[in-house]
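First comes the structure, then the notes that go with it.
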Amino acid sequence: MSLLDMIGPVMIGPSSSHTAGACRIGLVARQLLGAPPVHARIGLHASFAKTGRGHGTLLAVVAGLLGYAPDDARLPQAFEEANRAGLTTEFRDVDLGDVHPNSAQLELQDAAGGRVSLVGSSTGGGVIEVSRVDGFRVSFSGASATLLLRYTDALGVIARVASLVSADHVNIAALVCSREKRGGNAMLCIELDQALSGAALAFLNGWPEMDWVRMVRPIMDAGDTIGGGDVPVLPGTTA
1 MSLLDMIGPV MIGPSSSHTA GACRIGLVAR QLLGAPPVHA RIGLHASFAK TGRGHGTLLA
61 VVAGLLGYAP DDARLPQAFE EANRAGLTTE FRDVDLGDVH PNSAQLELQD AAGGRVSLVG
121 SSTGGGVIEV SRVDGFRVSF SGASATLLLR YTDALGVIAR VASLVSADHV NIAALVCSRE
181 KRGGNAMLCI ELDQALSGAA LAFLNGWPEM DWVRMVRPIM DAGDTIGGGD VPVLPGTTA
């Protein structure tokens, strides 16, 4: 057990689950969109819906969408900062089924019309778990670099991706793949020991099967703010 497990993360707000974790869900969603969001539809599930307003969950999610870390002094003014950034938000209560009670569904849109959705849960101590991206089953916490690929299912794609990761001298920690049907749309989620190089990402992006490539950098370091200029956008990708 680490010191972080006992005392929780460095943060602004009353609850590591309702504020720090919620902020990190927003940070991951921003990276998956690949551009600053201009509109966010945010569904709050169970405990998030019942107590989130009092615990600062709404502020924290919006702060994450703006690229702010859980310890950012601007978090309490997240709504005002969102107005200045041109980000509009709408909140609603949702039933996401059999997920952690501290869960949210985020549906984002950028200025070019790109969209992404995710379901993320705050499981305690600022730790999160993302379980759905664009409706596909995934599993990652944001504690390590995570590669997500949306592509057309075809023979050998996963093996080729694994070979490319190895050739880039990066080790795979965990892998989850789901698809709509054979030959249909698919999502590959790979947690890595470190981020892939720009050259490897550009090569992946050029594959004819690829629709969407994202390299999500770790968000568990409270000081690792993801600003608008740091959003990992790859030329030619679409959201």
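Its first residue numbered 1, the sequence shown is counted upward by one per residue in UniProt numbering. Glycine included, every Cβ here is placed at the ideal spot set by N, Cα and C.
Which of helix, strand or coil does DSSP assign to residue 217? coil
Count the other CB atoms within 10 Å of the CB of residue 111; is the residue buried (16 or more) or exposed (fewer)? Exposed, since its Cβ has fewer than 16 Cβ neighbours within 10 Å.
With distances taken from CA atoms, which of 91, 215, 72, 106 is nearest residue 150? 215
Residue 178 versus residue 52 - alpha carbon distance: 31 Å
Okay, do the segment 137 to 151 and the segment 73 to 80 touch, 3+ Cβ pairs below 8 Å being the bar? no
Reducing DSSP to helix, strand and coil, say where residue 182 ends up. coil
Whole-angstrom distance between residue 48 and residue 104, CA atom to CA atom: 7 Å
Going by DSSP, what residue range makes up the beta strand (DSSP E) through residue 45? 37 to 45
Alpha carbon of residue 72 to alpha carbon of residue 63, nearest angstrom: 9 Å
To which residues does DSSP link residue 89 through a beta bridge? 40
Can you say whether residue 109 is buried or exposed, counting buried as having 16 or more other CB atoms within 10 angstroms of its CB? buried
What residue does the alpha helix (DSSP H) around residue 163 start on, and which one ends it? 157 to 167
By Cβ distance, which residues of its chain are closer than 6 Å to residue 21, with the 5 residues on each side in sequence left out? 122, 126, 128
Suppose you measure from the CA of residue 75 to the CA of residue 84; what does that come to, to the nearest Å? Taken atom to atom, the span from the alpha-carbon of residue 75 to that of residue 84 is near 14 Å.
Where does residue 153 land, buried or exposed, given buried means 16+ other C-beta within 10 angstroms? buried
Applying the criterion that 16 or more other CB atoms from any shown protein chain within 10 Å of the CB defines a buried residue, is residue 67 buried or exposed? buried
For residue 96, which option in 132, 116, 113 has the closest C-alpha, if you only look at C-alpha atoms? 132
Among the residues of its own chain, which have a CB less than 7 Å from the CB of residue 33, if the five just before and after it don't count? 108, 110, 114, 116, 239
Quick check: what's the CA-CA separation for residue 200 versus residue 93? 40 Å
Helix or strand or just coil, what does DSSP make of residue 28? In this structure, residue 28 counts as helix in the three-state DSSP scheme.
Between which two residues does the beta strand (DSSP E) carrying residue 196 extend? Counting along the chain, residue 196 falls outside any beta strand (DSSP E), and DSSP gives it neither H nor E.
Which residue comes first and which comes last in the beta strand (DSSP E) that contains residue 116? 115 to 124
Tell me where the beta strand (DSSP E) around residue 104 begins and ends. Unbroken beta strand (DSSP E) run through residue 104: 103 to 110.
In angstroms, rounded to a whole number, what distance separates the CA positions of residue 23 and residue 139? 18 Å
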